[in-house]
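S.K.: Here it is, the structure in full.
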Amino acid sequence: MPSKLESIVQLAEETARQISASGKNYMTFLTTAAHNFKYNFRDQLLIFAQKPDATACAEISFWNKRSRWVNKGTTGIALLVDTRRGYRLRYVFDMSDTNSREGRTVPIWQMKPQYESAAIETLENSYGECSDKSSLAVCLMETAKAVVEDHFVDYYTDLASVMESSLRSDDDAEVCFQVLQDSVAYILMERCGINARDYFTEDAFDAIRDFNTPETMAVWGAAVSDLAEIPLREIATTVLSLYREEEKSNRTFAELSKGRYNEGRTQAERSVKHETDIQNGGRLPFAQPDRAGSAEGRKIWDAAAQLPSDAQER
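The letter at position 244 of the sequence shown is residue 279 when you use this note's numbering, and the numbering goes up by one with no holes.
Written out as structure tokens, the structure is:
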């Protein structure tokens, strides 16, 4: 009977073959990869194999530091770690398998309509002007093309070196480029809340069946994972920054509204009672939870920004 470690190694290889068996399987995997884009390809494979609906995975220590606790009886997602002596296992848990007695959450960034123009501007600054500034989907597809163009030669060379039949013709290169571009675009769309299946069919990924060995899939998967992560990190930074600005603006408005309410109330009390509103002379002022909360909010959102980046730690 194989050990747990041997079983996980086999699971990674079997899953690589599974997702390369059809365009349909591959697209399903890309959706999981999109929500775990800061993990490497092998980790994404194992997350897909064990919990395909996972959206925010981290080690138990990460969750505990943020006052979240793994649900009793939950089985962790086993991932492989390279060491000088071979592989070892580490375990991560999706946020859906954790709870908080204090109601603490770690927000995961989401693309909202009001963030799209800023996200498009961010991508244009890095990858060139978008042909349709009104469409985030178009901008993401053009970003995918630009990213692949910048790095295709290196990945294509690595892929050709492990293929049983050489990839030397112009047609082979063109097909690989298109499928790689579509794969990156698919991940970008899914992570930004756009249904990529509205833009891509299973036929678009039929060529994935040529990468039907763990070796070729490892090279291919690394290319897709690496290239999709680059623009998604930039988008995440932009979205989180906008969210913090919104939160700050909302807090300021709430404090101003509260101040106006208290001012009117104080004046009314003075006119009736002819007294000052300073009733606790000599006492220290009460703590201001709004200010403390804003600091806590920043900590939580800093944690959210790190969540998938924790891939090397969790």
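Glycine included, every Cβ here is placed at the ideal spot set by N, Cα and C.
Keep in mind the model is a prediction, meaning the values are calculated, not measured.
Below 7 Å CB to CB, which residues in the same chain sit around Q53 once its five sequence neighbours on both sides are set aside?
M.R.: What you label residue 53 is simply residue 18 of the sequence shown in a count that begins at 1. So the list reads N60, once near-sequence residues are dropped.
S.K.: What are the boundary residues of the alpha helix (DSSP H) that includes D117?
M.R.: Counted from its first residue, the sequence shown places residue 117 at position 82. Here D117 belongs to no alpha helix (DSSP H); instead the beta strand (DSSP E) covers 112-118.
S.K.: Return yes when the Cβ of L262 is within less than 7 Å of the Cβ of V182, no when it is not.
M.R.: Translated into positions along the sequence shown, residue 182 becomes position 147. Translated into positions along the sequence shown, residue 262 becomes position 227. Going by C-beta atoms, V182 is nearer than 7 Å to L262.
S.K.: Among the residues of its own chain, which have a CB less than 8 Å from the CB of V116, if the five just before and after it don't count?
M.R.: Translated into positions along the sequence shown, residue 116 becomes position 81. Around V116: Y122, R123, L124, R125.
S.K.: What residues are listed by DSSP as bridge partners for Y278?
M.R.: Mapped onto the sequence shown, residue 278 falls at position 243. Answer is none; Y278 lacks a bridge partner.
S.K.: With a 10 Å radius around its C-beta and 16 neighbouring C-beta atoms as the bar for buried, classify N230 as buried or exposed.
M.R.: Position 195 of the sequence shown, counting from 1, holds the residue named residue 230. Label assigned to N230: exposed.
S.K.: I'd like the list of long-range same chain contacts for R226, defined as Cβ closer than 7 Å, with 5 residues on each side in sequence excluded.
M.R.: As a position in the sequence shown, residue 226 is number 191, starting the count at 1. A69, H70, F72, L267, listed in sequence order.
S.K.: According to DSSP, is G58 helix, strand or coil?
M.R.: For the purposes of this step, residue 58 is taken as residue 23 along the sequence shown, with counting starting at 1. Note: G58 maps to helix in three-state DSSP.
S.K.: Assess contact between the stretch 80-94 and the stretch 128-145, defined as three or more Cβ pairs (one per stretch) separated by less than 8 Å. Is contact present?
M.R.: yes
S.K.: To the nearest angstrom, how far is the alpha carbon of F187 from that of T118?
M.R.: Mapped onto the sequence shown, residue 187 falls at position 152. Mapped onto the sequence shown, residue 118 falls at position 83. Taking the straight line joining both Cα atoms gives about 29 Å.
S.K.: Alpha carbon to alpha carbon, how far is E151 from F64?
M.R.: Residue numbering aside, residue 151 sits at position 116 when the sequence shown is read from its first letter. Residue numbering aside, residue 64 sits at position 29 when the sequence shown is read from its first letter. Computed Cα separation, rounded: 25 Å.
S.K.: My guess is that G58 and D238 are in contact by the Cβ rule of under 8 Å, so how many angstroms apart are they, rounded?
M.R.: Stepping through the sequence shown from its first residue, residue 58 is reached at position 23. Stepping through the sequence shown from its first residue, residue 238 is reached at position 203. That belief holds up - the Cβ atoms of G58 and D238 are roughly 6 Å apart, short of 8 Å.
S.K.: Residues in the same chain with beta-carbon distance under 7 Å from L175, minus the five sequence neighbours each way, listed in chain order, please.
M.R.: Residue numbering aside, residue 175 sits at position 140 when the sequence shown is read from its first letter. A220, L223, M224, C227, listed in sequence order.
S.K.: Spatial neighbours of I243 within its chain, please: CB distance less than 6 Å, with the 5 preceding and 5 following residues excluded, ordered by chain position.
M.R.: In the sequence shown, counting from the first residue as 1, residue 243 sits at position 208. Hits under 6 Å: S55, Y61.
S.K.: By DSSP, does C165 sit in helix, in strand, or in coil?
M.R.: Taking the sequence shown and counting its residues from 1, the one referred to as residue 165 is at position 130. If DSSP states are grouped into helix, strand and coil, C165 belongs with coil.
S.K.: Between A154 and Q213, what straight-line distance do the alpha-carbon atoms span, to the nearest angstrom?
M.R.: Here residue 154 corresponds to residue number 119 of the sequence shown, with the count starting at 1. Here residue 213 corresponds to residue number 178 of the sequence shown, with the count starting at 1. If I take the Cα positions, the gap works out to 24 Å.
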